[in-house]
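Q: Sharing a structure, written as structure tokens. Questions coming.
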Amino acid sequence: MMGESRTELLAWLNDLLQLGYTKVEQCGTGAAHCQIMDSIFRDVPLTKVKFDAKHEYEYVQNFKVLQGVFDKHKIEQAIPVERLIKCKFQDNLEFLQWVKKYWHQLYPGGDYDAVGRRRGQAVGASRGPSTSVPPRKTTSTSSVSKAGRVTTTTHRPPPRASTPTQNARSSFSHNQVDRSELENLQSEYQKMVAEMQQQVMEAKVAVDQVEKEREFYFAKLREIEVYVQSKLESGPNDDVVSVLNDVSQIMYKTEDGFEIPAEGAPEVEQETF
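Add 192 to the 1-based position in the sequence shown for our numbering, that's all there is to it.
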């Protein structure tokens, strides 16, 4: 499956989703991948997918939906979003090959109404009903020349020209929508950064607390060590010596594979996490 060609992959993709893709790079918007997963699980929130995405930040939004599907169904495959949204051939070809292999393993079978599931939204060049402007009617008149030849003159109505006001309204509306979506993405990004900074601060506080506790207990042990050595050197006392020897053995007991460094050897600073 992984070695399938571009032509085979596009034929499968177009047939499954009722599309008109001509290039593998068109999968870089993420919309097709979301609907492929929907054909398997039938639970992808396709209303959140921008099937007519034209900008990279819209592609990112689509891949966020796809990542949510991966997380929900515990799919461990990594999604190389940064490479896919550049719409390069090789990156999108390899990922589409993996997606098709996964689809073959889990597709439940039966018919899949791709156009209905995406509520008629077009993805690239759709195979669905044409939405182009119907052809203009033409009228013909015939006249007979002096030589007896019949000539036909075709009169076509002049094309309708859009007014500057209509163009301005359309451009303003599109820019307003793009600006609103960009502001939403920026707000979400800032929120994520703030959460990560909070997590870093909490981790630093935890590390500081662990280090303080380590120093505290190390000082206690050192104090016991000095006390025991002083008692052992102060003079014979069978009971006290026996107890101190037991304490000393416990303090210096080591596990298999651990060696006590020789006196005078430089201490190796342990990493703290």
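No residue lacks a Cβ here, since even glycine has one placed at the ideal position from N, Cα and C.
(1) Should Val216 and Leu276 be called a contact, given that it needs their Cβ atoms to be closer than 8 Å?
(2) Report the residue from Ser231, Glu268, Arg371 whose alpha carbon sits nearest the alpha carbon of Tyr299.
(3) Would you kindly report the start and end of the unbroken alpha helix (DSSP H) that includes Asp230?
(4) State the DSSP-derived secondary structure class of Cys279, mapped to helix, strand or coil.
(5) Does the contact criterion of 3 or more C-beta pairs under 8 Å hold for the segment 401–408 versus the segment 416–426?
(6) Leaving out five residues before and five after Tyr249 in sequence, what residues of the same chain have Cβ atoms less than 8 Å from its Cβ?
(7) Please go through the same chain and pick out, in chain order, the residues whose beta-carbon is closer than 7 Å to the beta-carbon of Val291, but skip the five residues on each side of it.
(8) Look at the alpha carbon of Glu274 and the alpha carbon of Glu387, and state the distance between them as a whole number of angstroms.
(9) By how many angstroms is the C-alpha of Glu417 removed from the C-alpha of Lys445?
(10) Kindly indicate which residue of Tyr213, Val261, Phe262 has the alpha-carbon position closest to the one of Phe243.
(11) Assuming Asn284 and Gly222 are in contact, meaning their beta carbons sit under 8 Å apart, how far apart are those beta carbons, in whole angstroms?
(12) Residues in its own chain within less than 7 Å of Trp204 by CB, not counting five upstream and five downstream?
(13) Which class does Gln254 belong to by DSSP, given the choice of helix, strand or coil?
(14) Please give me, in chain order, every unbroken run of the alpha helix (DSSP H) with length at least 4 that falls completely inside the segment 412–440.
(15) Measuring alpha carbon to alpha carbon, tell me which residue in Ser379, Asp305, Ser440 is nearest Gln210.
(16) How about Val236 and Val252: do their beta carbons lie closer than 8 Å?
(17) Tell me the DSSP secondary structure of Gln259 in three-state form.
(18) Should Ala411 be labelled buried (16 or more other beta-carbon atoms within 10 Å of its own) or exposed?
A: On the basis of the supplied data:
(1) Position 24 of the sequence shown, counted from the first residue, corresponds to residue 216. Position 84 of the sequence shown, counted from the first residue, corresponds to residue 276. In this structure, Val216 lies away from Leu276, with their beta-carbon atoms at least 8 Å apart.
(2) Within the sequence shown, numbered from 1, the residue matching residue 299 stands at position 107. Selected option, being the one with the closest Cα: Ser231.
(3) By 1-based counting over the sequence shown, the position of residue 230 is 38. For Asp230, the enclosing alpha helix (DSSP H) begins and ends at 223–233.
(4) The residue you call residue 279 lines up with position 87 of the sequence shown. Correct three-state label for Cys279: coil.
(5) No, they do not touch.
(6) Counted from its first residue, the sequence shown places residue 249 at position 57. Only Glu373, Leu374, Leu377 meet the Cβ criterion.
(7) Within the sequence shown, the letter at position 99 stands for residue 291. Closer than 7 Å at Cβ, skipping near neighbours: His225, Ile228.
(8) Position 82 of the sequence shown, counting from 1, holds the residue named residue 274. Position 195 of the sequence shown, counting from 1, holds the residue named residue 387. Those two C-alpha atoms are separated by around 22 Å.
(9) The residue given as residue 445 occupies position 253 in the sequence shown. The residue given as residue 417 occupies position 225 in the sequence shown. Annotation: Lys445 to Glu417 spans about 13 Å, alpha carbon to alpha carbon.
(10) Numbered from its first residue, the sequence shown carries residue 243 at position 51. Checking every option, the nearest Cα to that of Phe243 belongs to Tyr213.
(11) The sequence position of residue 284 within the sequence shown is 92, counting from 1. The sequence position of residue 222 within the sequence shown is 30, counting from 1. Your pair Asn284 and Gly222 does not check out as a contact, with CB atoms roughly 10 Å apart and the cut at 8 Å.
(12) For this step, residue 204 is matched to residue 12 along the sequence shown. For Trp204, where only same-chain residues beyond five positions count, the Cβ hits under 7 Å are Lys292.
(13) Looking up residue 254 in the sequence shown gives position 62. Checking the displayed sequence, the identity of residue 254 turns out to be Asn instead of Gln. In the three-state DSSP reduction, Asn254 falls in the helix class (H, G or I).
(14) For the segment 412–440, not a single whole alpha helix (DSSP H) run of length 4 or above is found.
(15) Looking up residue 210 in the sequence shown gives position 18. Nearest in C-alpha terms to Gln210, of all of Ser379, Asp305, Ser440, is Asp305.
(16) Counted from its first residue, the sequence shown places residue 236 at position 44. Counted from its first residue, the sequence shown places residue 252 at position 60. Result no, Cβ atoms of Val236 and Val252 do not sit closer than 8 Å.
(17) By one-based count along the sequence shown, residue 259 stands at place 67. The three-state secondary structure of Gln259, taken from DSSP, is helix.
(18) As a position in the sequence shown, residue 411 is number 219, starting the count at 1. By the neighbour-count rule (16 or more Cβ atoms within 10 Å), Ala411 is not buried but exposed.
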